[in-house]
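Residue numbers (my numbering), protein chains in the order written: chain A, 2 to 268; chain B, 2 to 268.
Glycine included, each C-beta is placed from N, C-alpha and C at the ideal position.
The structure presented is a predicted model; accordingly, all values stated were derived computationally and were not measured.
Okay, structure first, notes after.
Protein chains: 2
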Amino acid sequence: MIIIGELINGTRKAVKQAIADKNAEFIVDLAVKQAEAGADFIDCNPGTTGEAEVADMEWLVKLVQGATDKPIAFDSPNPLALRRAFEVYEGKQTPMINSVTLEAERIENTLPVIVESGANCVALALGDDGMPCMAGQREATARKLIDLLLEKGLPQERIYLDPVIAPLGTDNSAGLQVVQAIQAIKAEYPQVHITAGMSNISYGLPVRKLLNRVFMTVCMAAGLDSAICDPLNLDLMAEITAAEAILGRDEWCMNYIQAYRAGKLGE
Amino acid sequence: MIIIGELINGTRKAVKQAIADKNAEFIVDLAVKQAEAGADFIDCNPGTTGEAEVADMEWLVKLVQGATDKPIAFDSPNPLALRRAFEVYEGKQTPMINSVTLEAERIENTLPVIVESGANCVALALGDDGMPCMAGQREATARKLIDLLLEKGLPQERIYLDPVIAPLGTDNSAGLQVVQAIQAIKAEYPQVHITAGMSNISYGLPVRKLLNRVFMTVCMAAGLDSAICDPLNLDLMAEITAAEAILGRDEWCMNYIQAYRAGKLGE
């Protein structure tokens, strides 16, 4: 599983404060902890707007790349912030843009940066018609977006398709729709990665962590191979490690056994 | 999910002792607790042999049917014990025979009892060639066994196919093989139930409960609709409740929300 560590996000209260105060220690700590816990990308979302966002993105990228050698996911809809991120990025591994959608304004702004940089890219199956709610709509939007990115020269393996998770509480079939979309996209584009922020599935329901981690396993069985999540959530990471073993993606269960020895699986 | 409560099993030390001492209170308590926790069938396995097994099965069945109105799964390879169980069974719901296999002696003994009784029946995909270990072998054995039962007049919905779980620790693909077998059998025989004792998957590996419950979810996503398990294991039952919601098998998540209100999902 390719883990995109989501914690450095300016829409979270403590991170917003740290960005406002230019509290470097707080950000560095979050970056290091996520890298140690198994994040493959460290997401950086300034959560601000306009000129401030450009400067805040630069500040975050410089801090994070000084603290870990993990590649960064530049998380912003603002093309100026994305361009600044690439200008200051010195990491050796290809970074990620999070995210592009099929929404007219978003794609007009973001597509040129993706094409120029050739970076990895989270492609959110969302168009101007809003949340996918009809059967097949999610797949249709995903296909259009993937085809556009391929046409522009991005290879399949740089694309991280996010099928867009809707809450189960408002639609009983929300989980199954995502499973079907993952299977369809994976069958058509075998090298495209599938990622998602899972937690929307449990919105409005109790014991959200239980639903989130069960949904993670169900999506992994369907072909999900990446997640935008909190790598410091031990239960979730243990679930992912166990699911990889069960799904035959962990030779001799070595990773599972190592995680156990490192005390990461609980008792 | 159709839960077959597995705790009244004479191969478990405390139950063996209770059967030897004819400790009725112990057995009744296990039956009531499993029924209250959501068991749909109460399995009764005397764990003894010969004449003793026939008498012990009678004792267990009388006790359990006096304590709950759940149907009983008569768990024995001994046709005399199975016949005695049917003679004394007074429950209103159709009981279950656990189990028949394709092994020559087992099927010769058990098939006549199944055909006469028309009871539900756990059909274990196991032949005289031992544990299925080659791709497709599990499905081939399952098909032969199901076809034989159908030919003898048992309707699909009385058959609970158990695909036979092998340990992941000795074969990395053990989980995936079961998933593929479940999908294949469910596609060919849509009314046949799929059940399993899951815990073999984690044999020899650490933190077995984690692997067992993740495997349960993966199998449910593939079509498993029954399990032979411990209904008093709260984590496992919470996992099943969450998986049913995620998989769209729990309208309006009502069962999930009720389980939460009853304190069954943890915090």
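- [ ] Spell out the partners DSSP gives M97(A) in its beta bridges.
- [x] Your numbering for residue 97(A) matches position 96 in the first sequence. Answer is A74(A) and N121(A), bridged to M97(A).
Open item on the list: Can you tell me whether G176(A) is helix, strand or coil according to DSSP?
Closed with: Taking the first sequence and counting its residues from 1, the one referred to as residue 176(A) is at position 175. Of the three classes helix, strand and coil, the one that applies to G176(A) here is helix, per DSSP.
- [ ] Indicate the three-state DSSP secondary structure (helix, strand or coil) for D226(A) in the structure shown.
- [x] Position 225 of the first sequence, counted from the first residue, corresponds to residue 226(A). Three-state result, D226(A): coil.
Open item on the list: Using a Cβ-Cβ distance cut-off of 7 Å, determine whether F216(A) contacts chain B.
Closed with: Working through the first sequence from its first residue, we reach residue 216(A) at position 215. Closer than 7 Å: yes.
- [ ] Would you mind listing the alpha helix (DSSP H) stretches within the region 12-52 of chain B that are 4+ residues and don't spill past its ends, in chain order?
- [x] 14-21 and 25-37
Task: Alpha carbon of P47(B) to alpha carbon of T142(B), nearest angstrom - done: In the second sequence, the residue the question calls residue 47(B) occupies position 46. In the second sequence, the residue the question calls residue 142(B) occupies position 141. So the two alpha carbons sit approximately 28 Å from each other.
- [ ] Hey, could you find the ends of the beta strand (DSSP E) D163(A) is sitting in?
- [x] Taking the first sequence and counting its residues from 1, one reaches residue 163(A) at position 162. Start and end: I160 to D163.
Open item on the list: Between Y261(A) and chain B, is any beta-carbon pair separated by less than 7 Å?
Closed with: Here residue 261(A) refers to the residue found at position 260 of the first sequence. Chain B, which has a Cβ nearer than 7 Å to the Cβ of Y261(A), makes this yes.
- [ ] Leaving aside the five residues before and after A19(B) along the sequence, list all residues of the same chain whose C-beta is less than 7 Å from its C-beta, in chain order.
- [x] Here the question's residue 19(B) lines up with position 18 in the second sequence. Take A19(B), set aside five residues on each side of it, and the residues of its chain with a beta-carbon closer than 7 Å to its own are F27 and I28, in chain order.
TODO: Kindly list, in the order they appear in chain B, the residues whose Cβ is closer than 9 Å to that of V219(A).
DONE: The residue you call residue 219(A) lines up with position 218 of the first sequence. Within 9 Å Cβ-Cβ: T218, V219, M221, A222, A244, I247 and L248.
Open item on the list: Just to confirm my understanding: we take I115(A), look at its own chain, exclude 5 residues before and 5 after, and list those with CB closer than 8 Å. What are they?
Closed with: Residue 115(A) sits at position 114 when you count from the first residue of the first sequence. These residues qualify, in order along the chain: I98, V101, C122, L150, K153 and L155.
Task: Local Cβ density within 10 Å of A188(A), reported as buried at 16 or more and exposed below that - done: On the first sequence, residue 188(A) is found 187 positions in, with the first residue counted as 1. Exposed is the call here.
Task: Reference Y261(A), options D226(B), V208(B) and Y204(B), closest by Cα - done: Working through the first sequence from its first residue, we reach residue 261(A) at position 260. The candidate whose alpha carbon is nearest that of Y261(A) is V208(B).
Open item on the list: For V193(B) and C220(B), which I take to be in contact (beta-carbon distance under 8 Å), what is that distance rounded to the nearest angstrom?
Closed with: Translated into positions along the second sequence, residue 193(B) becomes position 192. Translated into positions along the second sequence, residue 220(B) becomes position 219. Actually they do not touch by this definition, with Cβ atoms about 15 Å apart.
Task: Residues from the region 45-79 of chain B in contact with chain A, defined by Cβ distance under 9 Å - done: none
Open item on the list: Less than 7 Å between CB atoms is the rule here; does N256(B) satisfy it with respect to chain A?
Closed with: Here the question's residue 256(B) lines up with position 255 in the second sequence. It does not: the Cβ of N256(B) has no partner Cβ on chain A nearer than 7 Å.
Task: Contact set between the region 131-164 of chain B and chain A, restricted to residues whose Cβ is under 8 Å from the partner - done: Look at the region 131-164 of chain B: it has no residue with a C-beta under 8 Å from a C-beta of chain A.
TODO: Using a cut-off of 8 Å between C-beta atoms, extract the partners of L169(B) located in chain A.
DONE: As a first step, residue 169(B) is located in the second sequence; it is residue number 168 there, counting from the start. Per Cβ cutoff of 8 Å: A246, I247 and C254.
Open item on the list: Helix, strand or coil for L247(A)? Go by DSSP, reduced to three states.
Closed with: Counting from 1 along the first sequence, the entry for residue 247(A) is found at position 246. Reading off the sequence shown, one finds Ile at residue 247(A), where the question assumed Leu. Helix, per DSSP.
Task: Cα-Cα separation, R250(A) to M135(A) - done: Walking along the first sequence from the start, residue 250(A) turns up at place 249. Walking along the first sequence from the start, residue 135(A) turns up at place 134. Their Cα atoms are separated by approximately 32 Å.
Open item on the list: Helix, strand or coil for I9(A)? Go by DSSP, reduced to three states.
Closed with: The residue you call residue 9(A) lines up with position 8 of the first sequence. Correct three-state label for I9(A): coil.
Open item on the list: Given this structure, state the Cα-to-Cα distance separating T196(A) from E140(B), to the nearest angstrom.
Closed with: Sequence index remark: in the first sequence, residue 196(A) carries index 195 (1-based). Sequence index remark: in the second sequence, residue 140(B) carries index 139 (1-based). Each residue's CA atom was taken as its position, placing T196(A) and E140(B) some 32 Å apart.
Task: Cutoff 7 Å: S174(A) Cβ touching any chain B Cβ - done: Residue numbering aside, residue 174(A) sits at position 173 when the first sequence is read from its first letter. Chain B contact via Cβ: present.
Task: Stretch pair the region 2-11 of chain B + the region 230-247 of chain A: three plus CB contacts closer than 8 Å - done: no
Task: Distance, V165(B) Cα to N173(B) Cα - done: The residue labelled residue 173(B) in the question sits at position 172 within the second sequence. The residue labelled residue 165(B) in the question sits at position 164 within the second sequence. The alpha-carbon atoms of N173(B) and V165(B) are separated by roughly 15 Å.
TODO: Locate the alpha helix (DSSP H) running through P80(B), then write down its first and last residues.
DONE: Reading the second sequence from its first residue, position 79 is the one you call residue 80(B). Start and end: P80 to V89.
TODO: Quick one: which residues of the region 177-206 of chain B get their C-beta closer than 8 Å to a C-beta of chain A? List them in chain order.
DONE: L177, V180, I202 and L206
TODO: Note down the Cα distance separating E59(B) from D129(B), rounded to an integer number of angstroms.
DONE: Within the second sequence, the letter at position 58 stands for residue 59(B). Within the second sequence, the letter at position 128 stands for residue 129(B). The straight-line gap from Cα to Cα measures roughly 30 Å.
Task: C-alpha gap between L112(A) and I183(B), whole angstroms - done: The residue you call residue 112(A) lines up with position 111 of the first sequence. The residue you call residue 183(B) lines up with position 182 of the second sequence. The alpha-carbon atoms of L112(A) and I183(B) are separated by roughly 43 Å.
Open item on the list: Tell me the rounded alpha-carbon separation between F42(B) and A263(B).
Closed with: The count along the second sequence starts at 1 and reaches residue 42(B) at position 41. The count along the second sequence starts at 1 and reaches residue 263(B) at position 262. Between F42(B) and A263(B), the C-alpha separation is close to 22 Å.
Task: Own chain residues within Cβ distance below 6 Å of A32(B), not counting five before or after - done: Residue mapping note: residue 32(B) aligns to position 31 of the second sequence, counting from 1. Contacts found: I43, V65, A68 and T69.
Open item on the list: I need the straight-line Cα distance from E106(B) to N79(B), nearest angstrom please.
Closed with: Position 105 of the second sequence, counting from 1, holds the residue named residue 106(B). Position 78 of the second sequence, counting from 1, holds the residue named residue 79(B). One C-alpha to the other measures close to 11 Å.
TODO: Kindly list the residues whose CB is nearer than 7 Å to the CB of E104(A), restricted to its own chain and excluding five residues on each side of it in sequence; keep chain order.
DONE: Translated into positions along the first sequence, residue 104(A) becomes position 103. Closer than 7 Å at Cβ, skipping near neighbours: L127, G128 and D129.
TODO: Flag L235(B) as yes if its beta-carbon sits less than 7 Å from any beta-carbon of chain A, otherwise no.
DONE: On the second sequence, position 234 is the one that residue 235(B) refers to. So no, L235(B) is outside the interface.
Task: For G128(A), three-class secondary structure by DSSP - done: Along the first sequence, one-based indexing puts residue 128(A) at 127. Strand at G128(A).
TODO: For I195(B), write down the residues that DSSP places opposite it in a beta bridge.
DONE: One-based indexing of the second sequence puts residue 195(B) at position 194. DSSP, once it has assigned bridges, lists L162(B) as partnering I195(B).
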